[in-house]
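Structure first, commentary second.
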Amino acid sequence: MLSLRALTRAVPRTLFQRSTVRCLSSVSRTPLYRPVWQPATRISYPAFSTSCSRREPAGESDQELSAKIDQEYTLEVENNDNSKLEQLNQYLRESSFEVTDKPGTHEVALTREFGNEQIKIEFSISDINNLDAEEYDQAEEDSAFDDEAEYDDGKNAINQSGVRGGKVDVLPEDSIAPADRDAGELPEDYRSTPGFPISLVITITKPGDQALRISAVAADGAIEIETVNYVPKASALQAETGKEAQEAHARYEGPPVGNLDAELQLLLERYLEERGINAELANFLPDYVEYKEQKEYVSWLQNLKKFVDI
Numbered sequence: 011m012l013s014l015r016a017l018t019r020a021v022p023r024t025l026f027q028r029s030t031v032r033c034l035s036s037v038s039r040t041p042l043y044r045p046v047w048q049p050a051t052r053i054s055y056p057a058f059s060t061s062c063s064r065r066e067p068a069g070e071s072d073q074e075l076s077a078k079i080d081q082e083y084t085l086e087v088e089n090n091d092n093s094k095l096e097q098l099n100q101y102l103r104e105s106s107f108e109v110t111d112k113p114g115t116h117e118v119a120l121t122r123e124f125g126n127e128q129i130k131i132e133f134s135i136s137d138i139n140n141l142d143a144e145e146y147d148q149a150e151e152d153s154a155f156d157d158e159a160e161y162d163d164g165k166n167a168i169n170q171s172g173v174r175g176g177k178v179d180v181l182p183e184d185s186i187a188p189a190d191r192d193a194g195e196l197p198e199d200y201r202s203t204p205g206f207p208i209s210l211v212i213t214i215t216k217p218g219d220q221a222l223r224i225s226a227v228a229a230d231g232a233i234e235i236e237t238v239n240y241v242p243k244a245s246a247l248q249a250e251t252g253k254e255a256q257e258a259h260a261r262y263e264g265p266p267v268g269n270l271d272a273e274l275q276l277l278l279e280r281y282l283e284e285r286g287i288n289a290e291l292a293n294f295l296p297d298y299v300e301y302k303e304q305k306e307y308v309s310w311l312q313n314l315k316k317f318v319d320i
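Put into structure tokens, the structure is as follows:
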């Protein structure tokens, strides 16, 4: 004979389960007597799943994206111009400037000593975005035409190898001795990136924690001074918060230098030129910005691919 527990398990559970649907106004009660022909109440189940969520597989585009990043990385590495790096290092050796370039950041600083002064020039590689794409393409096209014209004009020049015993042509630049050329004139093979403005913050600090904070722009092979601000406490410029930082950045910067007397403007320019802030620096900066931006871009591609491949 079946036990009471076995009999209870054998009875269909639907006979004992009530409907999960309720009316908000009242609670329905099951009558004591129910007609035999009345259909059983339909049981409703939750529409949501109560099972544990499973980890989604990698996206369908992950492999394609990773391959494209790798292709771009390979292209950038193959087209890297190491000759420009040597030109940059040559300028740094001759100018006495030292570069503070932290990988992974967009900020760069040039520092040097001049007498009892500490000179610091700060700029950002983000300024390369100020160069319009059409202007860059046009500058590259003009540079290519210039190279072709120089090649055609100089086939029989004195600085080109020609037929022995033949007539030798002399180009205009060949008649100028190296010693007679301007001191700030760069060699012809030093071709800078198409010009784009680079904002500079120049800080000249003297003993006693006094400083001049100069805002300038390097563009088209020249340094243009915008404002000159005297700072009685240079250390406050490094503070990011606090009363000293607020006072340092709220100081009167003086009038726009372009509105000053022409002779005063000229003397301010000479003041910077004596400290190496001159046309050579203005030509160096676009090349260094391009070099730094390219290096950071390659590193960015590596990090991006590494993340996608995880």
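The sequence shown begins at 11 in my numbering and counts up one residue at a time.
The beta-carbon is built from N, C-alpha and C at its ideal position, and this holds for glycine as well.
key: Per-residue burial, L17 [other beta carbons within 10 Å of its own, 16 or more giving buried]   = The pLDDT assigned to L17 is 47, lower than 50, so where the model puts this residue is not dependable, and the model offers no usable value.
request  = Go ahead and pull the three-state DSSP assignment for I320.
outcome  = coil
request  = Kindly identify the DSSP beta-bridge partner or partners of R122.
outcome  = I129
ask   = So, helix, strand or coil for T115, using DSSP?
value = coil
task = Note the first and the last residue of the continuous beta strand (DSSP E) segment covering A229.
result = 220-229
ask   = When the Cα atoms are used, what is the spatial distance from Y307 to D271?
value = 44 angstroms
request  = Could you pull out every residue in the same chain whose Cβ sits closer than 7 angstroms to the Cβ of K302, ignoring the five residues on either side in sequence?
outcome  = D111, V118, I135
message = Between S106, E300, E127, N99, which has its C-alpha nearest D219's C-alpha?
response = E127
Start-to-end residues for the beta strand (DSSP E) that takes in K216 = 208-216
ask   = Can you round the beta-carbon distance between L282 and I320 to whole angstroms, since I take them to be within the 8 angstroms contact cut?
value = With a Cβ gap of about 49 angstroms, L282 and I320 do not count as contacting.
Collapsed DSSP secondary structure at E108 in the structure displayed = strand
Buried versus exposed call for F133 [16 or more other C-beta atoms within 10 Å across all chains shown] = buried
key: Option nearest G264 by Cα separation, candidates I235, R280, E108   = I235
request  = Within the same chain, show all residues whose beta-carbon is closer than 7 angstroms to that of Y240, passing over the 5 residues directly before and after it, in chain order.
outcome  = L222
ask   = Do the CB positions of D3 and P207 come within less than 8 angstroms of each other?
value = What is shown of the chain runs 11 to 320, which leaves residue 3 out entirely.
request  = Taking only the alpha-carbon atoms, compute the straight-line gap between F294 and Y101 and give it to the nearest angstrom.
outcome  = 8 angstroms
Rounded C-alpha distance that separates A77 from Q97 = 34 angstroms
inquiry  = Tell me which residues share the same chain as Y83 and place their Cβ nearer than 6 angstroms to its Cβ, disregarding the 5 neighbours each side in the sequence.
reply    = L311
ask   = If V318 and I131 are in contact, beta carbons under 8 angstroms, what's the gap, nearest whole angstrom?
value = With 8 angstroms as the limit, V318 and I131 do not qualify as a contact, their Cβ atoms being about 38 angstroms apart.
query = When you compare only the Cα positions, how much space is there between V238 and L247?
reply = 15 angstroms
inquiry  = Measuring only the C-alpha atoms, how far is S105 from T213?
reply    = 17 angstroms
query = Pick from F107, S71, E279: whose alpha carbon is nearest that of S225?
reply = E279
request  = Quick one: using the 10 Å Cβ neighbour count with 16 as the cut-off for buried, is L274 buried or exposed?
outcome  = exposed
Every unbroken alpha helix (DSSP H) within the stretch 244-295, with a cutoff of 4 residues, ordered by chain = 253-259, 272-283
message = For T115 and K94, I'd like the C-alpha separation in whole angstroms.
response = 21 angstroms
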